[in-house]
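A.B. asks: With the sequence shown counted from 1, adding 866 to any position gets you this note's numbering. Let me give you the structure first, and then I'll get to my questions.
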Amino acid sequence: MREALTVVDHPIVAHRLTELRDERTNPDRFRQLMAELTTFLAYEALGDLGTSELEVRTPMGTGRGRVLTETVLVVPVLRAGLGMVPGVARVAPNCDVAHLGLKRDEHTLSAVCYLDGLPADLRGRRVVVCDPMLATGGSLVQACQLISSRGASGTVALCLVASEPGLRHFSSQLPQVAVVCAAVDPGLDEHGYILPGLGDAGDRLFGPPGEGLSLRQPRG
867 MREALTVVDH PIVAHRLTEL RDERTNPDRF RQLMAELTTF LAYEALGDLG TSELEVRTPM
927 GTGRGRVLTE TVLVVPVLRA GLGMVPGVAR VAPNCDVAHL GLKRDEHTLS AVCYLDGLPA
987 DLRGRRVVVC DPMLATGGSL VQACQLISSR GASGTVALCL VASEPGLRHF SSQLPQVAVV
1047 CAAVDPGLDE HGYILPGLGD AGDRLFGPPG EGLSLRQPRG
């Protein structure tokens, strides 16, 4: 059974994460860094994917190899999770993608689902949830509970940065769902942003949302 929390502590990951945190990093570079970091996280998270052996012919003769037999379902939590999909696709060929949109109701402060692109039946599926910032843990809990209710056989959450209080809340609600991240930061500010974090990942990827929206994306 996978550990409940895996922090990918590697010099290459640390270097890219530092650049990602830097407020001077422009959106194009931010998108590139997010995809690269997600590749490393997905590599760590999917080490037990199912494979089968086959015979392969090389220029020098015949040998044995292995190919993947599992098709991963990638679930980006919109909108910031979209920036992580290319990173998972690099290491999990032929993956499927199902979008899940959550926004925060300014009156109730709870996350509401405005887009449910999940298959109705997830029995036997390996699901990778992409949510770059695990802040309070509320939106990730809601996403994973919805996935679990549809029978997924195994779910792992990929997050670039998690907060200690958010991880405590998430693990108390979903101890069976593993989290793989690049860093754990100590706390949150009064608005629910991770400290020191890296700011609003969605805004840094795509720019701020249009004015006049009644709902805002939750902060993890």
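For each residue, glycine too, the CB sits at the ideal point set by N, CA and C. Small disclaimer: the values here were computed from a predicted structure and weren't measured.
1. For the segment 1015 to 1034 against the segment 906 to 914, do three or more pairs of beta-carbon atoms, one drawn from each stretch, fall closer than 8 Å, so that the two count as touching?
2. Where do the ends of the beta strand (DSSP E) carrying A1048 lie?
3. Could you check the C-alpha separation between F1036 and R890 for me, to the nearest Å?
4. Return the chain-ordered list of same chain residues with a C-beta closer than 8 Å to the C-beta of P1062, the five sequence neighbours on each side being excluded.
5. Report the residue from F896, S1038, E1030 whose alpha carbon sits nearest the alpha carbon of C1010.
6. Quick check for students: name the residue ranges of the alpha helix (DSSP H) that lie wholly in the segment 888 to 951, counting only runs of 4 or more.
7. If you compare alpha carbons, which of P942, V873, G916, R1016 is closest to L988?
8. Does the segment 963 to 970 come into contact with the segment 912 to 931, if we say contact requires no fewer than three beta-carbon pairs (one atom in each stretch) closer than 8 Å?
9. Have a look at T872 and A1044 and give me their C-alpha separation to the nearest angstrom.
10. State the DSSP-derived secondary structure class of L1033, mapped to helix, strand or coil.
11. Hey, out of T904, L939, V995, L1054, whose CA is closest to S1029's CA?
12. Would you list the one or two residues that DSSP bridges to D982?
13. For G983 and G927, what's the separation of their Cα atoms in angstroms?
14. Whether or not the segment 1067 to 1076 and the segment 892 to 902 are in contact is what I'm after, with contact meaning three or more pairs of Cβ atoms, one per stretch, closer than 8 Å; do they touch?
15. Pick helix, strand or coil for R991, following the three-state DSSP scheme.
16. Any idea what DSSP makes of C1010, helix, strand or coil?
17. Which residues in the same chain as C961 place their Cβ atom closer than 6 Å to its Cβ, once the five residues preceding and following it in sequence are excluded?
18. With the cut-off set at 8 Å, would you say L948 and A1048 are in Cβ contact?
19. In terms of residue numbering, what span does the beta strand (DSSP E) encompassing L871 cover?
20. Grouping DSSP H, G and I as helix and E and B as strand, with all else coil, what is A1001?
21. Leaving out five residues on either side along the sequence, give the residues of the same chain with a beta carbon under 6 Å from the beta carbon of G1020.
22. Does A1018 pass the burial test, meaning 16 or more other C-beta atoms within 10 Å, or should it be called exposed?
C.D. replies: Let me lay it out:
1. At 8 Å Cβ cutoff, the stretches touch.
2. Residues 1044 to 1051.
3. So the alpha carbons of these two residues sit roughly 31 Å apart.
4. These residues qualify, in order along the chain: R887, D1051.
5. Taking C1010 as reference, the option from F896, S1038, E1030 with the minimal CA-CA separation is S1038.
6. Counting only runs of 4 or more, we get 893 to 911.
7. Of P942, V873, G916, R1016, the residue nearest in Cα terms is R1016.
8. Between the segment 963 to 970 and the segment 912 to 931 there are fewer than three inter-stretch CB-CB distances shorter than 8 Å, so the stretches are not counted as touching.
9. In this structure, the alpha-carbon of T872 lies about 8 Å from that of A1044.
10. Residue state, collapsed to three classes: helix.
11. Cα-wise, what sits closest to S1029 is L1054.
12. L966.
13. Roughly 46 Å between the two C-alpha positions.
14. Because the criterion of three Cβ pairs below 8 Å is met, the segment 892 to 902 and the segment 1067 to 1076 touch.
15. Coil.
16. Looking at C1010 - three-state DSSP - the assignment turns out to be helix.
17. Cβ contact annotation for C961 (same chain, cutoff 6 Å, sequence separation greater than five): V938, V940, A955, in chain order.
18. The answer is no: Cβ separation not under 8 Å.
19. For L871, the enclosing beta strand (DSSP E) starts and ends at 871 to 873.
20. A1001 sits in coil when the DSSP states are folded into three classes, being neither helix nor strand.
21. Excluding residues within five positions, the ones whose Cβ falls inside 6 Å are R992.
22. Result: buried.
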